[in-house]
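Chemist: Quick one: the structure is below, and I'll ask about it shortly.
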Amino acid sequence: MADIAAPGARARSRSWWSGIGQGRHVLGLLFLLPAAVFLLLFLTYPLGLGVWLGFTDTRIGRDGVFVGLENYELLWIDSVFWLAVFNTLLYTTGASILKFGLGLWLALLLNQHLPFKAFFRAVVLLPWVVPTVLSAIAFWWIFDAQFSILSWALIKLGLIDQNINFLGDSTNARASVIAANVWRGIPFVAISLLAGLQTIPPSLHEAATLDGASGWQRFRYITLPMLSPIIAVVMTFSVLFTFTDFQLIYVLTRGGPLNATHLMATLSFQRAIPGGQLGEGAAIAVAMIPFLLAAILFSYFGLQRRKWQQGGGD
Amino acid sequence: MTAQNPSAQKTPDQGTSDHSTGMSYLDSLPKRLVTVMLPLLVFVFVLLFPFYWMAITAIKPNHQLTDYANYSPLWVVEPTLEHIRYLLFETSYPGWLWNTMLISVCATFISLVTSVFAAYAIERLRFHGSRWVGLGIFLAYLVPPSILFIPLALMVFKLGIYDTKLALILTYPTFLVPFSTWLLMGYFRSIPYELEECALVDGASRWQILIQVLLPLSVPGLISAGIFSFTLSWNEFIYALTFIQSSENKTVPVGVLTELVRSDIYEWGALMAGALIGSLPVVILYSFFVEHYVSSMTGAVKE
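Those sequence lines, one after another, are chains A and B.
Every number in the numbering used here is 146 more than the matching position in the first sequence, counting from 1.
Every number in the numbering used here is 982 more than the matching position in the second sequence, counting from 1.
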């Protein structure tokens, strides 16, 4: 095959080489074109359109006019909006801390010498693989007010007297949605951190052990510093996905009871699609952007500092 | 020298007396059972219980579902396939499965093709500004669907593709292309550049290099990007919920939630069967490609 194709290709090769400086750039742009068109049309443009919509009073089926900051002024005095901001921050902070702690613990456990290690690792990822909505429906059933298996088990164990109203009470509902989010998020954190753990050379631990370092010291002064760059990236992703979460809340509570679990994403959906106020919904979505940027910049500069520290340390 | 001797003699002593300082495989078995196996089993139990609960609910007869006094909820007497039969023959469920499959396959295919070209251009052709484009791709990956769905809904409506599968096939690549491109960029980077130079010297065109040299070597990366994209499309919810109205165009996650949940009576058996069957395709795919899946997940994070 190669021999037959060679003569024709060789004849072309001279012109190819002479034009390589030029051709590379033209070809590069040509190859990039499909992806660029897609992303500009369906990602960059809608992002801009969303910001614009936030300044209009667009409704479903009616083009809006520019109203300046009116949507934001209305949101500023809207207690439900501020409750959603508070809920989102609480949800993100609570779930992220739990996901990080439990995920790191699970990663450390999976990093041990174990029988059936591959099996454990495969099984652990399952909650993350299945569609969130479908596993959330299972949690909906688990959190059922009357027939919750959790209430049943706790009653049988003699820990409580009556069914827990998981999704009907503000505090319980918040804890329940965070628990469901943590359940789904642990595998991602654990498996990513496990990949990071496996890149730490065992010789470091051996050397520290010979120097008499305790298990906690080895974790604190070897594992954690070596892992910190990947922790920063994993937690940035985790925070971003948690902050913009929609599916879990939509399935479990739809924001209730009394808006106690409304996140900014679910509030934005509720105002925009069933409520028809596209402009107001877009304004709520735009209000999420500063938080997201802050999270990204925070982790970016966190990473930068560590690189510098490592460079200085060496 | 003399001062060092006692300490040198002491070290092995310490190693044997204090378990916490030993390398982990020197720990005694009972201790490892408590500190490693027990927490791990608790983790696995908690992570897997909802699946067990789904499965057991899906095959329970209705009268046992809510009768905890006479039947233990953790087990099933006289399992039934009634819920699954109802789901497959009396609802639009098979249609939703087909829709989800069609949309996921199309979106994945479009994303893979565009991503291969984009990743090759950014990583290997290194045209002016390719670094910035690479950064832009990464930032695009961080834009969440929950801030895009409102303007996209408006666009979908204006384009006249509201309530069609095409709306989803066209919008899913917005989150698939950045991810796949990023993943494939990393993969292309790991392939030695010398191979390409050899082919260039032999007179191959860039097109030939991409098709005949790079792609055959990138099959694992392509599989990773492919199954991950397929899973993301299969699991997508907010776009499908917003852009699709009619029952016959719904995807599984949206269909199960909006059509199977009816007013007061929750048909938990059918709901759980729907959730379980809807998860099966991605779980089966996952079980065949665990390694690819893990590498794509960690690969996207590592760079």
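Glycine is no exception: its CB is placed at the ideal position from the N, C-alpha and C atoms.
Quick one: what's got a C-beta closer than 7 Å to N311 (chain A)'s C-beta in the same chain, skipping five residues either side?
Modeler: Along the first sequence, one-based indexing puts residue 311 (chain A) at 165. Within the same chain, N311 (chain A) has close Cβ partners A291, N318.
Chemist: If you count every other CB in all the chains shown that lies within 10 Å of the CB of T1003 (chain B), and 16 or more means buried, which is it?
Modeler: As a working note, residue 1003 (chain B) is residue 21 in the second sequence. Low confidence applies to T1003 (chain B): its pLDDT is 38, below 50, so where it sits in the model is not reliable, and the reading given next is rough at best. With 16 or more other Cβ atoms within 10 Å, it is buried.
Chemist: Taking the DSSP output, what are the residues bridged to T202 (chain A)?
Modeler: Residue mapping note: residue 202 (chain A) aligns to position 56 of the first sequence, counting from 1. Residue pairing for T202 (chain A): DSSP places it in a beta bridge opposite A:F212.
Chemist: CB I1119 (chain B) to CB T1156 (chain B), shorter than 7 Å?
Modeler: Start at 1 with the first residue of the second sequence, and residue 1119 (chain B) comes out as number 137. Start at 1 with the first residue of the second sequence, and residue 1156 (chain B) comes out as number 174. Not in contact: I1119 (chain B) and T1156 (chain B) (Cβ atoms no closer than 7 Å).
Chemist: Which same chain residues, not among the five before or five after G200 (chain A), have their C-beta less than 7 Å away from its C-beta?
Modeler: Along the first sequence, one-based indexing puts residue 200 (chain A) at 54. Shown here for G200 (chain A): same chain residues with a beta carbon closer than 7 Å to its own, the five before and five after excluded, namely N217, G425, A428, A429, V432 in chain order.
Chemist: Taking Cβ-Cβ distances below 7 Å as the criterion, which residues of the segment 175 to 202 of chain A are in contact with chain B?
Modeler: L175, F177, L178, P180, A181, F184, L185, F188, L189, P192, L193, L195, G196, L199
Chemist: Can you list the residues of chain A that N1044 (chain B) reaches, using a CB-CB cut of under 8 Å?
Modeler: As a first step, residue 1044 (chain B) must be located in the second sequence, where it is residue number 62. Those within 8 Å of N1044 (chain B) in chain A number zero; the least Cβ separation is about 12 Å.
Chemist: Who are the Cβ neighbours of A155 (chain A) in its own chain at under 6 Å, not counting the five residues just before and after it?
Modeler: By one-based count along the first sequence, residue 155 (chain A) stands at place 9. The predicted position of A155 (chain A) is uncertain, since its pLDDT is 46 and thus under 50; a value taken from the coordinates is nonetheless stated next. Cβ within range, chain order: n/a, list empty.
Chemist: List, in order along the chain, the chain B residues whose C-beta lies closer than 9 Å to that of S242 (chain A)?
Modeler: Taking the first residue of the first sequence as position 1, residue 242 (chain A) is located at position 96. Those within 9 Å of S242 (chain A) in chain B number zero; the least Cβ separation is about 15 Å.
Chemist: How many Å lie between L1056 (chain B) and F437 (chain A) at the Cα?
Modeler: Here residue 1056 (chain B) is taken as the residue at index 74 of the second sequence, counted from 1. Here residue 437 (chain A) is taken as the residue at index 291 of the first sequence, counted from 1. C-alpha separation (whole angstroms): 43 Å.
Chemist: Looking at C-alpha atoms only, which residue of B:R1171, B:V1115, B:Y1053, B:W1078 is the closest neighbour of Q1227 (chain B)?
Modeler: On the second sequence, residue 1227 (chain B) is found 245 positions in, with the first residue counted as 1. Per the Cα distances, B:W1078.
Chemist: Roughly how many angstroms separate the alpha carbons of P1160 (chain B) and W1114 (chain B), rounded to a whole number?
Modeler: The residue labelled residue 1160 (chain B) in the question sits at position 178 within the second sequence. The residue labelled residue 1114 (chain B) in the question sits at position 132 within the second sequence. Distance between the alpha carbons of P1160 (chain B) and W1114 (chain B): 14 Å.
Chemist: Thinking just about the alpha-carbon of each residue, which of B:L1197, B:E1072, B:T1039 is nearest to the one in L1242 (chain B)?
Modeler: Here residue 1242 (chain B) refers to the residue found at position 260 when the second sequence is read from its first residue. Comparing Cα-Cα distances from L1242 (chain B) to each of B:L1197, B:E1072, B:T1039, the minimum goes to B:E1072.
Chemist: Give the straight-line distance between the Cα atoms of D315 (chain A) and N1231 (chain B), rounded to the nearest whole angstrom.
Modeler: Residue 315 (chain A) sits at position 169 when you count from the first residue of the first sequence. Residue 1231 (chain B) sits at position 249 when you count from the first residue of the second sequence. Rounded to whole angstroms, D315 (chain A) to N1231 (chain B) spans 36 Å at the Cα level.
Chemist: Quick one, which residues of the segment 1159 to 1172 of chain B are near chain A if we go by CB-CB under 9 Å, in chain order?
Modeler: V1159, P1160, T1163
Chemist: Please report the straight-line C-alpha distance between H1045 (chain B) and R1067 (chain B), rounded to a whole angstrom.
Modeler: On the second sequence, residue 1045 (chain B) is found 63 positions in, with the first residue counted as 1. On the second sequence, residue 1067 (chain B) is found 85 positions in, with the first residue counted as 1. Cα to Cα, H1045 (chain B) sits roughly 17 Å from R1067 (chain B).
Chemist: For W1250 (chain B), which three-state DSSP category applies?
Modeler: Residue mapping note: residue 1250 (chain B) aligns to position 268 of the second sequence, counting from 1. Three-state DSSP puts W1250 (chain B) in a helix.
Chemist: In the DSSP assignment, find the unbroken alpha helix (DSSP H) run with E352 (chain A) in it and report its ends.
Modeler: As a working mapping, residue 352 (chain A) is identified with position 206 in the first sequence. Unbroken alpha helix (DSSP H) run through E352 (chain A): 348 to 356.
Chemist: At the level of alpha carbons, what is the spacing between A284 (chain A) and F177 (chain A)?
Modeler: If you number the first sequence from 1, residue 284 (chain A) lands on position 138. If you number the first sequence from 1, residue 177 (chain A) lands on position 31. Answer to the nearest angstrom: the Cα atoms are 44 Å apart.
Chemist: From I331 (chain A) to E1060 (chain B), what distance separates their C-alpha atoms?
Modeler: Within the first sequence, numbered from 1, the residue matching residue 331 (chain A) stands at position 185. Within the second sequence, numbered from 1, the residue matching residue 1060 (chain B) stands at position 78. A small fix is needed here, since residue 331 (chain A) is Gly in this sequence, not Ile. If you take the alpha carbons of G331 (chain A) and E1060 (chain B), they lie about 35 Å apart.
Chemist: Which residues in chain A have a C-beta closer than 9 Å to the C-beta of I1033 (chain B)? List them in chain order.
Modeler: Taking the first residue of the second sequence as 1, we reach residue 1033 (chain B) at position 51. The amino acid occupying residue 1033 (chain B) in the given sequence is Phe; Ile does not appear at that position. Those within 9 Å of F1033 (chain B) in chain A are L272, P273, V276, S281, A284.
Chemist: I'd like to check one pair, T204 (chain A) with R320 (chain A): are the Cβ atoms closer than 7 Å?
Modeler: Reading the first sequence from its first residue, position 174 is the one you call residue 320 (chain A). Reading the first sequence from its first residue, position 58 is the one you call residue 204 (chain A). No. Outside cutoff.
Chemist: Let me know the alpha helix (DSSP H) ranges lying completely inside the segment 1189 to 1255 of chain B, each 4 residues or longer, listed in chain order.
Modeler: 1201 to 1217, 1220 to 1225, 1234 to 1241
Chemist: Which of the three DSSP states is assigned to P261 (chain A) in this structure?
Modeler: Along the first sequence, read from residue 1 onward, the residue named residue 261 (chain A) stands at position 115. When DSSP states are grouped into helix, strand and coil, P261 (chain A) belongs to the coil group.
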